[in-house]
Amino acid sequence: MQMRNKTLTNYFLCLLTAGAVLFATPARSANVSPKLVLQITVDQLRGDLPDRYMKNMGKGGFRYLMNQGVWYANANYTHANTETIVGHTILATGAQPSVNGMIGNVWFDRETGKLTYNVEDAKYRSLTAGAGVDKATEMDPTQKVASTDGRSPTAILVSTLSDELASNTAGKSKVFGVSIKDRGAVSMAGHAGKAFWFSKKSAEFITSSYYYDRYPSWVDTWNKKKLPHSYAGKSWQLMHDKSTYLFGAADDQAWEVELPGYGRVFPHPFGGADGKLFTTLLTFSPVGDELTLDFAKTLIDAEQLGQDDVPDYLSVSFSSTDYVGHAFGPSSLEAEDNLLRLDRTLADLFAYIDKRVGLKNTLIVLSADHGAPEAPGYLNSLGIESKYVTPDKWDKTPAIKALKQKLGIGREIIKTYYHPYLYLDRDVIRKKGLNQAEVEKAVAEELMKFDDVTLAISSSALREGNLPSSPAIQAVLRNFHPKRSGDIYLVFKSNQFISDFDGTRVSVTHGSPWRYDSFVPVVFAGGKLSGRRIFRSVEPADIAPTLAAVLGIKAPSGARGLPLDEVMHAFKK
């Protein structure tokens with residue numbers, strides 16, 4: 003017995019000694035922290051597209067990431083509504099929309115009775131008077147919903163990676179987000195950072211009073227250059243000979259959107275600087291990314307990012323791939339040339355970072371907020387069934403008749419539909435003395451009878467939780483927030499989607515849980531990382547926890563992802 007006790011005593015002494023060694027070293031010094039975290043988001047970059055067009059790419063952009071980075075080639079979002087703000091906020095927080103609150107680009111606010119744009123905030127005005135959304139010319143229908151030009155991140159309900167970095171360093175880390183789109187900049191900069199986005203109305207990069215009382219002098223200097231105006235009278239030209247492109251023989255397709263004065267074939271003229279759509283057309287071309295790059299480079303120098311031992315954070319969200327994809331589809335000559343030009347833009351940015359900070363001192367992560375489907379016309383040309391969904395042409399008479407038979411009420415209970423949610427008129431339901439859950443169930447059952455609908459699920463059913471564990475239902479559940487989600491979530495069949503938003507026709511529209519919309523690249527590069535391609539399943543939600551672990555800080559408050567081992571291993575001493 004004495005021998006056994008002595009053995010146990012020695013055992014516990016060994017454990018305590020080992021523990022003392024482990025806990026004597028702070029978590030921060032266990033890793034080699036980068037001086038700069040550069041988070042790049044390419045809007046609508048489906049995961050297969052870089053490989054598809056790699057043949058004509060240079061050495062310093064996507065090829066650098068592929069050869070020198072850890073490339074996760076099987077990364078998919080697991081929520082249902084694959085829209086811009088939803089993906090960006092997951093990248094920023096590591097949390098699903100059910101937790102971070104950003105369930106869609108817009109949602110219907112029951113308290114105000116209005117549709118709400120995700121980052122609008124009347125309490126914080128634009129610092130440039132009159133530079134808010136120009137509803138007469140804006141080609142992004144979600145922006146038309148906004149009732150104010152004020153912007154802030156207050157609708158994001160949890161912390162972001164950039165928030166946690168600022169908190170950990172007592173505000174010493176410099177945190178910035180830049181994008182053509184306000185929601186691309188605001189979401190990634192988080193609550194503690196600074197965000198800048200492009201105003202199509204003023205042709206400037208702007209911000210709101212949430213971030214500054216007045217513009218930093220370097221922003222005024224950049225805007226005074228009037229770089230966008232230098233493209234007046236010019237056109238978007240092909241980089242290479244048309245014969246070298248995969249889609250070189252497919253420049254003019256019937257399903258492509260012909261923007262006024264822009265056409266469906268190269269070259270695409272921008273027109274004069276006084277043209278009504280001039281700045282909009284710039285964003286429907288690689289120029290949007292070029293302007294973003296130039297502004298980001300100016301910011302890097304002016305704010306001295308990565309110049310000390312306190313890590314800084316810069317998010318750059320490139321939006322042109324999304325605009326071009328909507329208008330022409332991902333399998334188009336325009337999309338192909340745009341990606342080749344984005345490759346050159348990335349190479350320029352990486353070379354600039356290397357010169358100013360050093361790639362060895364920088365952790366780069368690139369991903370996308372969502373993927374994209376193919377244009378139905380393109381798929382049809384290959385013998386694949388695909389079509390646009392037109393709810394306004396559905397024969398609703400049988401459904402309304404059935405609802406009247408079940409509930410004694412029909413069309414008047416439908417308040418509005420804004421993708422992906424159907425909203426019911428709860429006042430009418432209450433006045434009729436009906437049960438909300440029963441009404442939702444009855445409407446969902448009728449919607450399921452439409453040929454285009456593969457899933458119609460009520461919010462009441464999601465709250466109750468007694469649902470089959472199918473991938474589609476779980477994806478909808480991850481998108482559900484009780485205060486913001488609509489009453490019934492609609493999922494259309496694969497390769498079917500609405501092409502008309504608020505009167506703006508587009509070639510393709512993302513926003514589904516199908517693989518083409520959820521599949522994105524996730525790649526880390528810089529520091530001591532070396533080229534690897536990983537095919538196990540990962541999620542973009544893993545990015546924020548991975549960055550937090552590398553930086554030695556706590557993960558964002560709602561994060562559900564896990565640190566990626568291959569990246570963590572490279573940053574261990």
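In my numbering, the protein residues as written are 3 to 575.
All residues carry an ideal CB built from backbone N, CA and C; glycine is no exception.
Which whole-angstrom value describes the C-beta separation of N76 and V455, a residue pair presumed to lie in contact below a C-beta threshold of 8 Å?
Going by Cβ atoms, the distance from N76 to V455 rounds to 29 Å, so no, they are not a contact pair.
Spatially closest choice to A275 from S245, R562, I475 and S204, by CA coordinates:
Out of S245, R562, I475 and S204, S204 has the C-alpha closest to the C-alpha of A275.
For Q498, list the residues DSSP reports as bridge partners.
Under the DSSP definition of a beta bridge, Q498 partners with K389.
Which residues in the same chain have their Cβ closer than 6 Å to the Cβ of T2, if we skip the five residues on either side of it in sequence?
Residue 2 is absent from the model: the chain starts at 3 and stops at 575.
Whether T84 touches S514 by CB criterion (9 Å)
With contacts defined as CB atoms closer than 9 Å, T84 and S514 qualify as a contacting pair.
Straight-line CA distance for G152 to G49?
Looking at the two C-alpha atoms, the distance is approximately 34 Å.
Endpoints, beta strand (DSSP E) assigned at Q41
L38 to V44 is the extent of the beta strand (DSSP E) around Q41.
From what residue to what residue does the beta strand (DSSP E) around T223 run?
T223 -> not in any beta strand (DSSP E); alpha helix (DSSP H) instead, spanning S219 to K227.
Could you pull out every residue in the same chain whose Cβ sits closer than 8 Å to the Cβ of N7, ignoring the five residues on either side in sequence?
Note that N7 has pLDDT 41, beneath the 50 cutoff, so the model's placement of it is unreliable and no number is given.
Looking at the strands, I want to know which residues DSSP matches up with F198.
Under DSSP, the beta-bridge partners assigned to F198 are V180.
Count the other C-beta atoms from every protein chain shown that fall within 10 angstroms of the C-beta of M570, then say buried if there are 16 or more, exposed otherwise.
Exposed: under 16 other Cβ atoms inside 10 Å.
Pick from T95, Q407, S369 and S237 that is closest to I158, judged by C-alpha positions
The shortest C-alpha separation from I158 is found at T95.
Select from A444, V108 and T300 the residue whose C-alpha is nearest the C-alpha of P422.
Looking at A444, V108 and T300, the one whose alpha-carbon comes closest to that of P422 is V108.
When the distance is taken between beta carbons, is A234 closer than 9 Å to F272?
Result yes, Cβ atoms of F272 and A234 sit closer than 9 Å.
Buried versus exposed, by CB contacts within 10 Å (16 or more), G21
For G21, the predicted structure reports a pLDDT of 40, less than 50, and the residue's modelled location is therefore unreliable. A value from the coordinates is still provided. Counting of Cβ neighbours within 10 angstroms places G21 among the exposed residues, the total staying below 16.
Using the Cα positions of Y264 and R507, report the straight-line distance between them to the nearest angstrom.
In a straight line, the C-alpha of Y264 is about 15 Å away from that of R507.
CA-CA distance, F249 and E338?
Cα-Cα distance, rounded: 7 Å.
Flag L51 as yes when its Cβ comes closer than 8 Å to any non-hydrogen atom of the ligand MG, and as no otherwise.
As far as ligands go, the structure on display features none, and thus does not contain the ligand MG.
From S559 to K227, what distance separates their C-alpha atoms?
Using only the alpha carbons, I get a separation of about 41 Å.
Continuous beta strand (DSSP E) stretch holding V569: start and end:
That residue, V569, is in no beta strand (DSSP E); its alpha helix (DSSP H) goes D567 to A572.
What is the DSSP secondary structure of R480, counted as helix, strand or coil?
In the structure shown, R480 sits in a helix (DSSP, three-state: H, G or I).
If you run the structure through DSSP and keep just helix, strand and coil, what is S369?
Reduced to three states, the DSSP call for S369 is strand.
DSSP on P547, reduced to helix/strand/coil?
If DSSP states are grouped into helix, strand and coil, P547 belongs with the helices.
List, from N- to C-terminal side, the alpha helix (DSSP H) runs of 4 residues or more that fit wholly inside the stretch 86–128.
Within the stretch 86–128, the complete alpha helix (DSSP H) segments at least 4 residues long are 86–95 and 99–102, listed from N- to C-terminus.
Excluding the 5 residues preceding and the 5 following L492 in the sequence, name in chain order all residues of the same chain whose CB lies nearer than 7 Å to its CB.
P422, L424, L449, V455 and A458.
With distance defined between alpha-carbon atoms, name the residue in A172, A543, K403 and D489 nearest to P372.
As written in the sequence, residue 372 is His, which differs from the Pro given in the question. Out of A172, A543, K403 and D489, the CA that lies nearest to the CA of H372 is found in A543.
Own chain residues within Cβ distance below 7 Å of K176, not counting five before or after
Taking C-beta separations shorter than 7 Å and ignoring five residues to either side along the sequence, the partners of K176 in its chain run E305, L307 and D314, following chain order.
Looking only at its chain, what residues have a beta carbon closer than 8 Å to the beta carbon of P484, apart from the 5 residues adjacent to it on each side?
Only residues of its own chain outside the window of five on either side were considered, and among them S461 and R465 have a CB closer than 8 Å to the CB of P484, listed in chain order.
Starting from I355 and walking both ways along the alpha helix (DSSP H), at which residues does that stretch end?
For I355, the uninterrupted alpha helix (DSSP H) run begins and ends at L335 to R358, by DSSP.
Tell me whether S31 sits in a helix, a strand or coil according to DSSP, three-state version.
The predicted model places S31 with a pLDDT of 39, which falls under 50 and marks its position as unreliable; any figure quoted below should be read in that light. Reduced to three states, the DSSP call for S31 is helix.
Can you tell me whether DSSP reads G563 as helix, strand or coil?
The three-state reading of DSSP puts G563 in coil, since its state is none of H, G, I, E or B.
Alpha-carbon spacing of Q498 relative to V391, whole angstroms
Pairing Q498 with V391, the inter-Cα distance amounts to about 6 Å.
To which residues does DSSP link V455 through a beta bridge?
Answer is F494.
Between which two residues does the alpha helix (DSSP H) harbouring E541 extend?
No alpha helix (DSSP H) holds E541; DSSP gives it neither H nor E.
Is G327 closer than 9 Å to V510 when the C-beta atoms are compared?
Yes.
Do the CB positions of V359 and K37 come within less than 9 Å of each other?
Yes, the Cβ-Cβ distance between V359 and K37 is below 9 Å.
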